[in-house]
Amino acid sequence: MVIGKEEIRTRGWRSLAEVLANTPGLYVIEDLVLPSVGVRGVTGGLRAGSRIVKVMINGHSVIFQPDLTALLGPEYIPIECVERVEIAKGPLSALYGANAFLATVNVITRDARGGASGAEVSARGNWISEQPGYGGTLLAQQAAGGVGVLAAYGFDRTDRSGLRIERTFPGQRPELPAYAPLFADESRDDIAAPSSFYAQLSVEAGALGSLKVQGGVQRLDSMGEFQLNSALTHASRHSLQNAWASVHHDKAWTPRLATQLSAGVSRGAPTREEELFLTGVRATSFRRNFASTTLQMGARVDASLSEAITVSGGADSIVDLADVLYYTEIYRAEVGGHASGDEVDLVAGADLRAAMLSTSGAFAQIQVSGPPWLEGLHLSANVRLDKPNHWDAQASWRASAAYRWHDNLVTKLIVGRSYQAPSAVLLYGLTGFGRSNNVIGSETLPSAPPLQPQAVRSAEVVVSGGLSMFLFEAAAYVQEIQDRIEFTSHGANFVGRNEGDEVHAGAELSLRLAHERIAPYVSVAANGRVAHAEQDGELVYEMDTELPLVPFVFALGGLDVRIPEAHVNINVHAKLVSARGAAQGNVLLNDSEPYALPGYATFDATISSVRADLLGDGSETGASVSVKNLLDQRRSEPGFGGFDVPVVGRSVAVNVTHAF
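Everything in the sequence shown is counted per this note's numbering, starting at 1041 for the first residue and increasing by one.
Here it is in structure tokens:
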């Protein structure tokens, strides 16, 4: 699936999270700090983020490595840099390497050497339930003589104040001391201030090949009014920074032989501005201490053996030098002999402070086109072998057969396997800040079984095509998750563990009318769990459509209207979501009685102008107005720690861009 820049612009999407939230087969849970992504009925549970999805920029993995998750909000990349977003679902480790577990997302940026030199300035305002905010982006591009430079910086400030926790399960008895404060208060000063910087140098050197150097800084800065352990403290601030850079060299040695070389480095950690009130005591706050310095490198060779056969092969490696998660306690008053301002690291001298996680792998690929008498056939096969330093070698593979019956009908059969190793936080997180609700690594607790990599096997059939202006794509799949990893309740805390095997099945359908003026579209995805492992490890086959955190049915629909005479585009967009099951921890707090959050429907509307030379000097100006959750529907998304997360109401965003 490919989502282009025009679709992003005309629908008023400002972040990668919004793009993914409107993709069939994916479901994004917005907790107002770090979105979590479910894929075809599967999630990573507590603090999952995008752990089960590999997120890349121009083919290079760009994630917050300590948690194996991407910062998907506006902090990921200035949206003005994005040319398109390529989304593929299914096990893809054989194609994209480590961590391409259940899906991949590849953000393709503008090419610094493409297009005209110049600059763009964007200014925007936003209102969330009448709370004002603002933001802006500055982008500059210069291209000449085979060399191009692109740089962009974007920032936003939004205020989500005024949200209340709703009673969503019977166990939340208001008379209990744990719940009474949650229902009596609302969020205040709930500010998010994400920012992002992206830069690219692109050089075409003829016989020497092409070189692309890119990098960026991502900064997540958000109050945590609805986070585990810090609900409605009105002062807890989450702040993460991720800096990264990569270099890619491509060279075609002959018309049939080409090579690619790549290397990258990243550093992710909380900033000094992070301050979390986690124990209900205002005299002390906490800051997480964990980080990762990650090195990546790879090499690839592509060779055409004939007009019909292409082979590829190569190797890559990733090394994660991790600083293990622990907490620093910061005294805000004189307590227990400590002065205000004192900082104490909650870590013992014998505790593990650093760890190295590495994976090296080799891969091969072959693509074969059918003979002249079967020219519509295309076959491909990929195989990969990885060796993580803490586990046995892991094999990934993928095979596909596609047949084009004629110009308007294509069928595909895809089968494959991929794996994912646990993150440093899942393995080594220390006991944390208090007596309960700590997130603890499995290696830290002697009583916890050792974590093993999780794996997935899947089979999928896809039929796509069109008739005149009518386009469609239908898919049906089955996937088996083996040794699924997530944080689960362990006494009063949470620990990473393998939760056994599951089998999921589902179907997706997308329809679109590709008319130049009026283009309606609709997509429907349904998925359920058809088997799960009991405590003895044996699979029990029974259909379950009320899965934790994700819906059984997810539908999108809308209408794009283009009025070239008025230089205006109009989009109306609707989303229909069925019930989502509660998180395991909340079910336990509900006397182990499962419950679900009710389904919902939302409606959005965006009107945007085509850029035009309004000043008569060759520059171009464009504007858009976008209203999300038009009917101001209030609802909750699955949460943890005894409550579910309220979602913002109606929001209005106005954006003006001037290019010169």
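Just so you know, even glycine gets a beta-carbon here, dropped at the ideal spot from N, CA and C.
Residue pairing for VAL1073: DSSP places it in no beta bridge. Taking C-beta atoms as the reference points, GLN1254 and ASN1098 count as a pair closer than 8 Å. Here DSSP, grouped into helix, strand and coil, assigns TRP1437 to strand.
Taking all protein chains shown into account, MET1583 has fewer than 16 neighbouring C-beta atoms within 10 Å of its C-beta and is therefore exposed. Beta-bridge pairing by DSSP links HIS1278 to SER1262. Partner residues in the beta bridge of ILE1043, as assigned by DSSP, are VAL1125. When DSSP states are grouped into helix, strand and coil, ALA1339 belongs to the strand group. Taken through DSSP and simplified to helix, strand or coil, ASN1609 comes out as strand. Under the three-pair Cβ rule at 8 Å, the segment 1340-1360 does not count as touching the segment 1375-1389. The straight-line gap separating the alpha-carbon atoms of GLY1081 and LEU1449 is approximately 28 Å. Separation of VAL1408 and THR1350 (C-alpha to C-alpha, rounded to the nearest whole angstrom) is 7 Å.
In the DSSP secondary-structure assignment, LEU1579 is bridged to ALA1573. ILE1048 sits close to VAL1122, with the two beta carbons spaced by under 8 Å. Our two residues, THR1294 and GLN1300, have alpha carbons roughly 14 Å apart in a direct line. Between the alpha carbons of ALA1152 and VAL1305 lies a gap of roughly 21 Å. Around the beta-carbon of PRO1486, fewer than 16 other beta-carbon atoms lie within 10 Å, marking it exposed.
At the C-beta level, LEU1178 and ASN1139 stay beyond 8 Å of one another. Within the same chain, and ignoring the five residues on either side of LEU1628 in sequence, the residues whose Cβ sits closer than 7 Å to its Cβ are SER1529. When beta bridges are read from the DSSP output, PHE1330 appears opposite no residue.
For the pair GLU1315 and ILE1168, the Cα-to-Cα distance works out to about 25 Å. Per the C-alpha coordinates, the member of ALA1402, ARG1444 and GLY1416 positioned closest to LYS1427 is ALA1402. By the 16-neighbour rule on beta-carbons within 10 angstroms, PHE1700 is exposed. Cβ neighbours of ASP1672 within its own chain (closer than 7 Å, five residues either side excluded): GLY1689 and ARG1690.
Going by C-alpha positions, THR1050 is about 21 Å away from ALA1192.
According to the DSSP assignment, GLN1171 belongs to the beta strand (DSSP E) that extends over 1171-1184. The continuous beta strand (DSSP E) containing LEU1361 extends over residues 1349-1371.
Rounded to whole angstroms, the gap between the alpha carbons of SER1352 and ARG1296 is 11 Å. Fully enclosed alpha helix (DSSP H) runs of no fewer than 4 residues are not present anywhere in the segment 1494-1565. Annotated as distal: GLY1536 and PRO1588, with beta-carbon spacing of 8 Å or more. CA-CA distance, LYS1615 to GLY1597, rounds to 7 Å. Measuring C-alpha to C-alpha distances from VAL1455 to each of SER1400, VAL1518, LEU1414 and ARG1444 identifies VAL1518 as the nearest.
Exclusion of the five residues before and after GLU1574 leaves VAL1580 as the residues of its chain whose Cβ lies within less than 7 Å of its Cβ. Burial state of LEU1066 is buried, judged by a 10 Å Cβ sphere holding 16 or more other Cβ atoms. PHE1326 sits away from THR1273, with the two beta carbons spaced by 8 Å or more. By the neighbour-count definition (other C-beta atoms within 10 Å, threshold 16), HIS1288 is a buried residue. The beta carbons of SER1664 and THR1642 sit no closer together than 8 Å.
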